[in-house]
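Note sheet for the following structure.
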Amino acid sequence: MIDQVYTTLQSIVNKENSGYVSPEEFNQIAKQVQDKIFRGYFEDYNKDKNRENRGLTNPGVGNLAMNQDQRIAPFRRSASVNKNVDRYLLPSDVYYVIQNGVINDSNRVIEPSPDDSHYYLALSEFGPSDLYPMYTRSTNEIFVHPNTYAAPIYVRYIKHPEDPKWTYTVINGQELYDPSKSDFQDFELQEIEFSTIVIEMLTYFGINLREGDVVQIAEALKNKQEVKDSN
């Protein structure tokens, strides 16, 4: 998808006389836009979940929370994490640890709210135990309580998308798309986000277009390339 975004963006920016977009500038903006759209999944999901809990949404494909969950699904991961002295270091790509997503042996490790964690950890009778463990988190580290537990834990999480990178080879002074480069990375968002990505990237150049316009331009470029390739 990244090359289609690149060629569509270049065509529109050139048509609007807004200058040339270098690959480096494109990659920087692409990262920012992908991150923005990705974060928006969670904001929209949480808003609709709150509405759903109040009985204000309908089940089925029209349910925003369900739709957003489907967009988030490709980023779901799980990992076994070993203890490092007194803590567990999370995988480097963790964006969000899924609720009830930390397990030791067959027990779910509960994460109390930040306001409650000090209260529970200070209790001897109702505090964490081997049967009802708890954990606290600091950035990319998890501390399991009681800290006598030493076996690996199982973590289910949402990973952060890889930074997109349009790679190229220079031939006769022209930058030509080359996905064979070792640092190539396509967008990790689904194809359905194509128009949203282009529209968001265009705002960095002061250009505002409707989704229908973007789709029409992209289709025209695709057809033009197919004719060129067939000759």
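So for the sequence shown, my numbering puts the first residue at 26; every next one is plus one. Every residue gets a Cβ at the ideal spot worked out from N, C-alpha and C, and that includes glycine.
Sufficient close CB pairs (3 or more, under 8 Å) joining the stretch 209-225 to the stretch 158-171: no
Exposed unless 16 or more other CB atoms sit within 10 angstroms - verdict on Ile27: buried
N- and C-terminal bounds of the alpha helix (DSSP H) containing Lys40: 27-40
Beta-ladder partner(s) of Thr104, from DSSP: Residue 104 is actually Ala in this sequence, not Thr. The partner list for Ala104 (beta bridge, DSSP) reads Val180.
Buried versus exposed, by CB contacts within 10 Å (16 or more), Pro204: exposed
Distance between Glu213 and Arg102 (C-alpha atoms, nearest Å): 14 Å
Cβ pair count under 8 Å reaching 3, the stretch 169-185 against the stretch 105-117: yes
DSSP beta-bridge partners of Ile128: Arg133, Tyr179
Gln29 and Ala243 closer than 8 Å at C-beta: yes
Environment of Ile37 [buried if 16+ CB atoms lie within 10 Å]: buried
Glu225 (DSSP reduced to helix, strand or coil): helix
Strand pairing of Ile123, partner residues [DSSP]: Partner(s): none; Ile123 has no beta bridge.
Cβ-Cβ distance between Asp215 and Glu187 below 8 Å: In the sequence as displayed, the identity of residue 215 is Gln instead of Asp. Cβ atoms of Gln215 and Glu187: not closer than 8 Å.
Pairwise C-alpha distance: Thr32 and Ile128: 46 Å
Status (buried if at least 16 other CB within 10 Å, exposed otherwise) for Gln53: exposed
Coarse secondary structure for Glu213, derived from DSSP in three states: coil
Contacts around Ile135, its chain only, beta-carbon distance under 6 Å, and the 5 residues preceding and following it disregarded: Met159
Unbroken beta strand (DSSP E) run spanning Phe168, endpoints: 166-170
Member of Ala175, Lys184, Asn248, Tyr202 whose CA lies at the smallest distance from the CA of Ala104: Lys184
Status (buried if at least 16 other CB within 10 Å, exposed otherwise) for Tyr174: buried
Selected residue, minimal CA-CA separation from Gly65, among Pro48, Ile97, Pro153, Ser131: Ile97
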